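Everything below concerns the one structure shown next.
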Amino acid sequence: MSDQIKIPAVPLRQTYLGDGVQRDFAFGFPIFASEDLEVHLNAAPQTAGYAVAGAGATAGGTVTFDTAPAPGVRVTLRRRLRIERLTDFLESGRLPAAALNKEFDYLTASIQQVSDDGALALRYAATDLPASTLLPDRTQRANRLFAFDEAGNPTASPIVDAEEVSSYLVPGAGAVRRPVRDRLAETVSVRDFGAVGDGVVDDTLAFQAALAAAETVFVPPGTWRIASTLVLREGQRLHGAGHASVLKAASDALDLVAMTGGFAEIHHLRLEGGRTGVRLHGIERPCVQNTVRDLSIWDARWGIVLDGHADPDRPCYWNNFERVVVERPVEHGVWLTRSGAGDTPNANRFHCVRVYSHGHPTTGSGFYVEQGRYNNAFVDCEANVAASAHSCFRVGPGTDKTLIVNLYTETVGGVPNVLLEAGSVETSIVNLFSASGGPAIWDQSGGQYTAMNAGYPEKNRLRACRITELTVEAMRFDTDYVEPAAGGPVDLDLANSVYLVSAYGGAVEARLPAAGAANGHWVTIKKTDLSANPVSVTEASGPGPDGRTVVLASRYDFVTAVSNGAAWWIAASSRLPGNAGYHEGPALLVPDLERELHLVSAWSGATEVRLPAPWDAGAVGRTVSVKKADVSANPVTVTAAAGGGPDGEAIVLAEKGHAVTAMSNGSAWHILSRHP
């Protein structure tokens with residue numbers, strides 16, 4: 001028995017209407033290979049989504065679709081061969097019957113194809129009277145209509161086109177009359193491509209055809225059922241008539257609208273259901289400068305998703321969102337994330353975007369900036385979520401420089417208003433109205449944020465600010481209490497302005513960081529305990545305040561130091577031990593008036609203590625005491641650089657223990673006390 005294909009005289013095309021259930025469609029004509037079969041849904045040729053069985057069989061075969069065509073969709077199956085002959089028989093060579101049969105079969109099938117094409121052409125009936133089939137010459141038919149004369153022969157006729165000659169003139173000075181046809185062609189509606197809009201019929205193919213044909217597509221009022229993601233290409237616009245123009249997802253696994261390039265726009269529509277209302281991510285180019293505005297998005301798992309996706313060279317940035325409401329989201333209202341190795345979404349702008357749960361359960365966050373570096377801004381936005389939500393506004397670990405201005409947050413429970421996760425940095429929050437029972441700002445970032453008018457407990461938290469003039473009505477300082485169990489060194493990290501230190505367990509060394517790493521920092525260290533253990537204030541890799549170690553020996557001793565980037569300087573202190581000094585030789589001492597007491601030994605010879613002129617800037621208002629500290633017969637004489645000495649005379653301290661205390665009033669030194 002021969003398995004050679006036969007070419008019967010059967011129709012070369014078969015047409016069906018889909019019912020939404022049937023997936024298998026038979027064809028009764030033979031094909032040589034699956035590539036010889038054309039498959040159309042309505043007028044759209046298909047290249048994927050189906051499988052062909054029966055190639056090489058005389059009786060034909062079957063096309064099986066992955067998904068059943070929707071009700072009313074026209075399914076056309078048609079044999080289409082490439083008319084060519086690439087084989088040849090060799091002179092005096094073998095001539096097998098199978099080869100001849102295959103050649104004849106292909107030729108017969110090609111003739112059938114040509115015949116089938118001819119059957120679709122205009123032609124005279126077999127019983128018609130003979131008539132000419134010759135067209136008029138090119139020059140005679142140019143810019144004219146095809147017509148027939150009184151004998152029924154082809155001829156050329158003058159153009160009479162009612163659509164072309166009808167025109168429209170817009171009211172107003174300077175308007176130009178235009179053909180109505182051109183005017184109507186400026187606006188493309190999905191109805192022009194067969195969309196129904198009754199919420200039942202699948203309008204996906206009509207929407208896809210409209211988006212393939214025009215840059216701007218209008219969606220009239222109606223409910224348009226969509227079963228496959230609508231992709232807006234570069235510079236394209238999809239818009240409707242507002243809340244009455246509804247795109248309804250046929251599946252919860254569906255992204256309704258995707259923007260994968262740049263400069264596209266979607267507005268004045270209502271989107272219902274699906275996995276995502278609007279998803280933005282770059283595929284062939286960066287996803288940049290797209291606009292999403294005047295939308296309401298209902299009952300999606302995620303309302304708006306910005307995805308850094310897979311390629312860092314195709315980022316999702318500089319997109320604009322305005323006057324958008326996301327209602328009853330299942331998880332997140334607005335989500336900035338990265339599903340692959342691409343760049344994080346950055347520099348996107350959200351203005352007047354509202355996420356509103358309407359009391360329906362929400363498991364995620366109103367706004368979730370999971371991955372978003374560099375200047376994503378949220379201005380005049382609102383997150384009003386259910387008590388089941390994770391948070392109203394959530395800043396994830398892969399973010400920095402997120403800007404939040406005039407945010408309103410609300411729940412009926414204790415949901416955090418703004419949650420800053422560990423790893424997020426440089427978040428800026430200005431004017432937060434927190435109406436949820438949870439914390440206004442739940443900070444897990446370690447203080448890596450700035451806040452102004454942002455709610456309890458830290459209404460204002462400023463970082464790295466320079467203020468030219470500041471009026472303060474109430475000032476508070478971050479304060480830390482330090483009490484090492486056994487004393488020892490404590491490194492001050494300057495996260496606080498005041499350190500209250502107890503040395504009850506042992507001597508404590510309070511170590512300031514190197515001055516070079518603390519420029520501008522102001523810190524106060526105070527000893528709080530009654531023990532005899534001292535608190536020594538030193539500097540890591542440096543000499544310490546005013547170039548020395550400061551010892552706080554008594555309870556309530558304190559020192560305030562400030563760094564200028566080169567050294568730590570004492571700005572204020574209690575009466576520290578360093579305020580007294582001991583001098584022994586040479587014979588002349590000009591006292592440092594920073595020290596209030598000078599103990600002077602004249603053991604090596606008579607010594608003169610010469611006070612500066614009383615009008616010197618460093619002397620006015622100063623009090624200084626000089627006391628003889630040795631048992632020798634050599635005197636200690638207190639004089640003044642302006643002549644004389646305290647009360648106009650040189651004061652001689654002849655014996656050990658003799659002392660004098662003087663004060664300058666700016667014109668003279670006056671004795672306050674004297675012994676003997």
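Residue numbers (this note's numbering): 1 to 676.
Note that beta-carbon positions come from the ideal geometry of N, C-alpha and C, so glycine has one too.
All of these numbers come straight from a predicted model, not from anything done at the bench.
*From the DSSP output, in three-state form, read off D491 for me.*
The sequence position of residue 491 within the sequence shown is 491, counting from 1. Looking at D491 - three-state DSSP - the assignment turns out to be strand.
_The alpha helix (DSSP H) that contains E103, what's its start and end?_
Your numbering for residue 103 matches position 103 in the sequence shown. First-last of the alpha helix (DSSP H) with E103: A97 to A119.
*DSSP on T139, reduced to helix/strand/coil?*
Against the sequence shown, residue 139 aligns to sequence position 139. T139: helix per DSSP, three-state reduction.
_Those runs of the alpha helix (DSSP H) which lie wholly inside the segment 335–367 and span at least 4 residues_ = none
*asked:* If the criterion is Cβ atoms closer than 8 Å, does the pair R270 and H243 meet it?
replied: Numbered from 1 along the sequence shown, position 270 holds the residue referred to as residue 270. Numbered from 1 along the sequence shown, position 243 holds the residue referred to as residue 243. Their beta carbons are under 8 Å apart, which means R270 touches H243 by this criterion.
_CA-to-CA distance, A26 to G61, given in whole angstroms_ = Taking the sequence shown and counting its residues from 1, the one referred to as residue 61 is at position 61. Taking the sequence shown and counting its residues from 1, the one referred to as residue 26 is at position 26. Taking the straight line from one Cα to the other gives about 6 Å.
*asked:* Assuming contact is defined by CB atoms lying nearer than 8 Å, are T402 and G372 in contact in what I supplied?
replied: Taking the first residue of the sequence shown as 1, we reach residue 402 at position 402. Taking the first residue of the sequence shown as 1, we reach residue 372 at position 372. Yes, Cβ-Cβ distance for T402 and G372 is below 8 Å.
*Give the single residue among A606, G643, A662 and Y449 whose Cα lies nearest to the Cα of A619.*
Walking along the sequence shown from the start, residue 619 turns up at place 619. Considering only alpha carbons, the answer is A662.
*With a CB to CB cut of under 6 Å and the five nearest residues on each side skipped, what residues in its chain are close to L589?*
Taking the sequence shown and counting its residues from 1, one reaches residue 589 at position 589. Only H583 and V609 meet the Cβ criterion.
_Candidates G340, A70 and W298: closest to D313 by CA position_ = As a first step, residue 313 must be located in the sequence shown, where it is residue number 313. The residue with the shortest Cα to Cα distance from D313 is G340.
_Tell me the rounded alpha-carbon separation between V217 and A474._
Locating residue 217 in the sequence shown gives position 217, counting from the first residue. Locating residue 474 in the sequence shown gives position 474, counting from the first residue. Approximately 60 Å, taken between the alpha carbons.
_Given this structure, state the Cα-to-Cα distance separating K627 from A567, to the nearest angstrom._
Here residue 627 corresponds to residue number 627 of the sequence shown, with the count starting at 1. Here residue 567 corresponds to residue number 567 of the sequence shown, with the count starting at 1. Their Cα atoms are separated by approximately 33 Å.
*Whose C-beta lies closer than 7 Å to the C-beta of V412 among residues of the same chain, with five residues either side of it excluded?*
Residue 412 sits at position 412 when you count from the first residue of the sequence shown. Cβ neighbours of V412 beyond the five flanking positions: A387.
*Could you give the residue range of the beta strand (DSSP E) that holds V80?*
Along the sequence shown, one-based indexing puts residue 80 at 80. A quick correction: the sequence has Arg, not Val, at residue 80. Counting along the chain, R80 falls outside any beta strand (DSSP E), and DSSP gives it neither H nor E.
_For E539, tell me which candidate among V523, W603, N348 and S664 has the shortest Cα-Cα distance._
Counting from one through the sequence shown, the residue named residue 539 turns up at place 539. Closest by alpha carbon: V523.
*asked:* For H461 and Q448, what's the separation of their Cα atoms in angstroms?
replied: As a first step, residue 461 is located in the sequence shown; it is residue number 461 there, counting from the start. As a first step, residue 448 is located in the sequence shown; it is residue number 448 there, counting from the start. The sequence given here places Arg at residue 461; His does not occur at that position. Taking the straight line from one Cα to the other gives about 10 Å.
*Between which two residues does the alpha helix (DSSP H) carrying T204 extend?*
The sequence position of residue 204 within the sequence shown is 204, counting from 1. Counting along the chain, the alpha helix (DSSP H) containing T204 begins and ends at T204 to A213.
*Could you give the DSSP three-state label for S34: helix, strand or coil?*
By 1-based counting over the sequence shown, the position of residue 34 is 34. Helix, per DSSP.
*In three-state DSSP terms, what is V190?*
The count along the sequence shown starts at 1 and reaches residue 190 at position 190. Looking at V190 - three-state DSSP - the assignment turns out to be helix.
_Let me check understanding here. Comparing Cα to Cα, which of E655, S667, P71 and V355 lies closest to S391?_
Residue 391 sits at position 391 when you count from the first residue of the sequence shown. It is V355 whose Cα lies nearest to the Cα of S391.
*My guess is that A68 and V21 are in contact by the Cβ rule of under 8 Å, so how many angstroms apart are they, rounded?*
Stepping through the sequence shown from its first residue, residue 68 is reached at position 68. Stepping through the sequence shown from its first residue, residue 21 is reached at position 21. Their Cβ separation, rounded to whole angstroms, is 5 Å, which keeps A68 and V21 in contact under 8 Å.
*Could you tell me whether the segment 28–42 touches the segment 89–96, where touching means 3 or more Cβ pairs closer than 8 Å?*
no
*Rounded separation between D557 and P543 - CA only*: Reading the sequence shown from its first residue, position 557 is the one you call residue 557. Reading the sequence shown from its first residue, position 543 is the one you call residue 543. Cα to Cα, the separation comes out at about 20 Å.
*Please state if the CB of L81 and the CB of Q113 are separated by a distance shorter than 8 Å.*
Position 113 of the sequence shown holds residue 113. Position 81 of the sequence shown holds residue 81. Cβ distance < 8 Å, so Q113 and L81 count as in contact.
_Local conformation of R183 per DSSP, three classes_ = Taking the first residue of the sequence shown as position 1, residue 183 is located at position 183. Note: R183 maps to helix in three-state DSSP.
*Proximal residues to D19 (C-beta, below 7 Å), its chain only, five neighbours per side dropped*: Within the sequence shown, the letter at position 19 stands for residue 19. P71, listed in sequence order.
*Looking at the unbroken beta strand (DSSP E) that takes in F6, where does it start and where does it end?*
Along the sequence shown, one-based indexing puts residue 6 at 6. In the sequence as presented, Phe is not what sits at residue 6; that position holds Lys. Premise fails: K6 is in no beta strand (DSSP E) and is neither H nor E.
*Pick out whichever of P646, V418 and Y106 has its Cα sitting closest to the Cα of G437.*
In the sequence shown, counting from the first residue as 1, residue 437 sits at position 437. The option with the nearest alpha carbon to G437 is V418.
*Cβ-based burial, P96 [other Cβ within 10 Å; buried from 16]*: Here residue 96 refers to the residue found at position 96 when the sequence shown is read from its first residue. The residue in question, P96, is exposed, as its Cβ has fewer than 16 Cβ neighbours within 10 Å.
*asked:* Using only the alpha-carbon positions, how far apart do A514 and S541 sit?
replied: Position 514 of the sequence shown, counting from 1, holds the residue named residue 514. Position 541 of the sequence shown, counting from 1, holds the residue named residue 541. Answer to the nearest angstrom: the Cα atoms are 6 Å apart.
*May I ask you to report which of helix, strand or coil DSSP gives P45?*
Locating residue 45 in the sequence shown gives position 45, counting from the first residue. Here P45 sits in strand by DSSP.
*The beta strand (DSSP E) spanning W302 covers which residue range?*
Position 302 of the sequence shown, counted from the start, is the residue given in the question as residue 302. Residues W302 to D307.
*So, is Q140 buried or exposed, given that buried needs 16 or more other C-beta atoms within 10 angstroms?*
The sequence position of residue 140 within the sequence shown is 140, counting from 1. Answer is exposed; the Cβ neighbour count stays below 16.
_Taking the beta strand (DSSP E) that A662 belongs to, which residues open and close that run?_
As a first step, residue 662 is located in the sequence shown; it is residue number 662 there, counting from the start. Element bounds for A662: A659 to S664.
*Which of helix, strand or coil does DSSP assign to G547?*
As a position in the sequence shown, residue 547 is number 547, starting the count at 1. Of the three classes helix, strand and coil, the one that applies to G547 here is helix, per DSSP.
*asked:* Just to confirm my understanding: we take R338, look at its own chain, exclude 5 residues before and 5 after, and list those with CB closer than 6 Å. What are they?
replied: In the sequence shown, residue 338 corresponds to position 338, counting from 1. The answer, listed in chain order, is G308, T344 and Q371.
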